[in-house]
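The UniProt record's numbering puts the first residue of the sequence shown at 1, with every later residue one more than the last.
All residues carry an ideal CB built from backbone N, CA and C; glycine is no exception.
Bear in mind the structure is a predicted one, so any value in this text is a computation, not a measurement.
See structure below.
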Amino acid sequence: TGPMDGVGMMGYARLSQISTGLRQRQKARAFVVAETRPTFLRRRDVASESKRDEFVDEDDFDDDHYHDHVQKKTKNAGLVALVVVDACMVFPDLKPAVLRRVAEKIAKSSFLAEMYSELDLEGVFDEANVCVCATHTHSAPGGYAPHGLYNLTFGGAVSESFDALLNGAADALFNAFVDAFETSLKREPEKRTVAFARGALVGASANRSRSAHARNPETDTAPFARAGGVDETIAALVVGAYDEPERAFVPRGVAAWYAVHGTSLPGSNTLISGDNKG
């Protein structure tokens, strides 16, 4: 959570929207999804600092797809991460900072060092396999943009706002990695399920500019005509595990995509909130 008092909120661009307190904490959430054994799980030859093509539980893997990845010599093949922060938007400077911070945390982690020091974990996350995005709430602190124009309504840059996003995103990604890493190396790994679903959510959004929408080619507007010019498609990524005692699927986390602005709270709101997607 960023600074809770006296900082302009980002989204409505109103000089009068200055934070006065907290309604909901800003959160950072992360998913790390990998193959049964991603390719970074290769043992390090400590004596020579060379890397051998020897993998944990190598006999468990007969899948041609997996070995194709191994042949590419790409350390993080088969590993992707999604990080979502409660903020209006993120800028290109955030992800590199998050990657550096997570690399430092992995290098300094006593858990990883003590239990799996023989594995090569350097550079597991990079620009290509990590996505950092925002919920687009209009009720969170601003001032974290690297471009002056975006900070005009806040009176300039606010380092505390950037630091909050960096710390939250890095902690979330690191914790998700440790969780996935620990699970994948168990002799009997917990079986987790990644599911993706798509449907329609009716009556939950509105077109903010029908006149502008109508100026688009008919091929673009026709699919949304029945719904009043909005896309009612909602998609969800669900990660969970089967609970044997409960005999039920237990979600661990959900990421959802829906075309609605984070403006359920008005521009007069001055309490920090993740809004409708937070």
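Could you check where the alpha helix (DSSP H) with residue i kicks off and where it finishes?
| i | result |
| --- | --- |
| Pro96 | Leu94 to Lys108 |
| Ala214 | Arg210 to Ala214 |
| Glu218 | Glu218 to Thr221 |
Less than 6 Å between C-beta atoms, sequence neighbours within five positions excluded: which residues of the same chain meet that for residue i?
| i | result |
| --- | --- |
| Leu121 | Ile106 |
| Asp275 | Thr137, Ser139, Gly262, Ser264 and Leu265 |
| Asn151 | Gly143, Ala145 and Ala157 |
| Asp53 | Below a pLDDT of 50, predicted positions are generally treated as unreliable, and Asp53, at 38, falls in that range; the measurement from the model is reported next regardless. Taken in chain order, the list of residues that qualify is empty. |
| Pro238 | Rather than Pro, the amino acid found at residue 238 in this sequence is Val. Excluding positions up to five away in sequence, the list reads Ala195, Pro251 and Val254. |
| Phe91 | Ala145 and Pro146 |
In the DSSP assignment, the beta strand (DSSP E) including residue i goes from what residue to what residue?
| i | result |
| --- | --- |
| Thr193 | Arg192 to Ala200 |
| Arg29 | Ala28 to Ala34 |
| Tyr258 | Ala248 to Tyr258 |
Taking the alpha-carbon of residue i as reference, which of the options has the nearest alpha-carbon?
| i | options | result |
| --- | --- | --- |
| Ala103 | Met89, Gly123 and Lys95 | Gly123 |
| Gly156 | Met9, Pro96 and Val85 | Met9 |
| Ala206 | Glu127, Val254, Tyr12 and Gly229 | Gly229 |
| residue 281 | His147, Phe249 and Asn175 | Nothing can be reported for residue 281: it is not among the residues displayed for the chain, which extend from 1 to 278. |
| Arg100 | Pro245, His147 and Glu127 | Glu127 |
| Phe95 | Val130, Thr153 and Leu112 | Contrary to the premise, residue 95 reads as Lys rather than Phe in this sequence. Considering only alpha carbons, the answer is Val130. |
| Ala255 | Ala241, Cys133, Gly21 and Ala13 | Cys133 |
| Asn269 | Pro92, Pro141 and Gly2 | Pro141 |
| Gln26 | Ala227, Pro3 and Ala212 | Pro3 |
| Met89 | Phe111, Tyr12 and Leu112 | Tyr12 |
| Glu232 | Ala204, Thr221 and Ser16 | Ala204 |
| Phe181 | Phe111, Asn216, Arg14 and Ala214 | Phe111 |
Going by DSSP, what residues sit across from residue i in a beta bridge?
| i | result |
| --- | --- |
| Met9 | Pro141 |
| Thr233 | Ala200 |
| Cys131 | Leu82 |
| Tyr242 | Phe249 |
| Leu22 | Ile272 |
| Gly148 | Answer by DSSP bridge pairing: none, since Gly148 is not bridged. |
| Gly123 | In DSSP, Gly123 forms no bridge with anything. |
| Gly262 | Thr137 |
If you drop the 5 nearest sequence neighbours on each side, which residues of the same chain put their C-beta closer than 8 Å to that of residue i?
| i | result |
| --- | --- |
| Thr135 | Val84, Val85, Asp86, Ala87, Gly262, Gly274, Asp275, Lys277 and Gly278 |
| Ala81 | Ala30, Phe31, Val32, Val33, Phe125, Asn129, Val130, Cys131, Leu173, Ala176 and Phe177 |
| Val7 | Ile18, Ser19, Pro141, Gly142, Gly143, Phe154, Val158, Glu160 and Ser161 |
| Leu166 | Leu94, Ala97, Val98 and Arg101 |
| Asp59 | Any reading at Asp59 is ruled out, since the residue's pLDDT is 40, under 50, leaving its predicted position unreliable. |
| Ala197 | Ala235, Ala236 and Val238 |
| Ser211 | none |
Taking 6 Å as the cut-off, is the beta-carbon of residue i closer than that to any non-hydrogen atom of the ligand ATP?
| i | result |
| --- | --- |
| Met4 | Because no ligand of any kind appears in the structure shown, any question about the ligand ATP cannot be addressed here. |
Go through its chain and collect everything with a Cβ distance to residue i's Cβ below 7 Å, but skip five positions before and after it.
| i | result |
| --- | --- |
| Ala172 | Ala28, Arg29, Ala30 and Val83 |
| Tyr258 | Leu201 and Ile234 |
| Arg23 | Leu271, Ile272 and Ser273 |
| Gly199 | Ile234 |
| Phe224 | Val230 and Asp231 |
| Gly267 | Tyr12, Arg14 and Gln17 |
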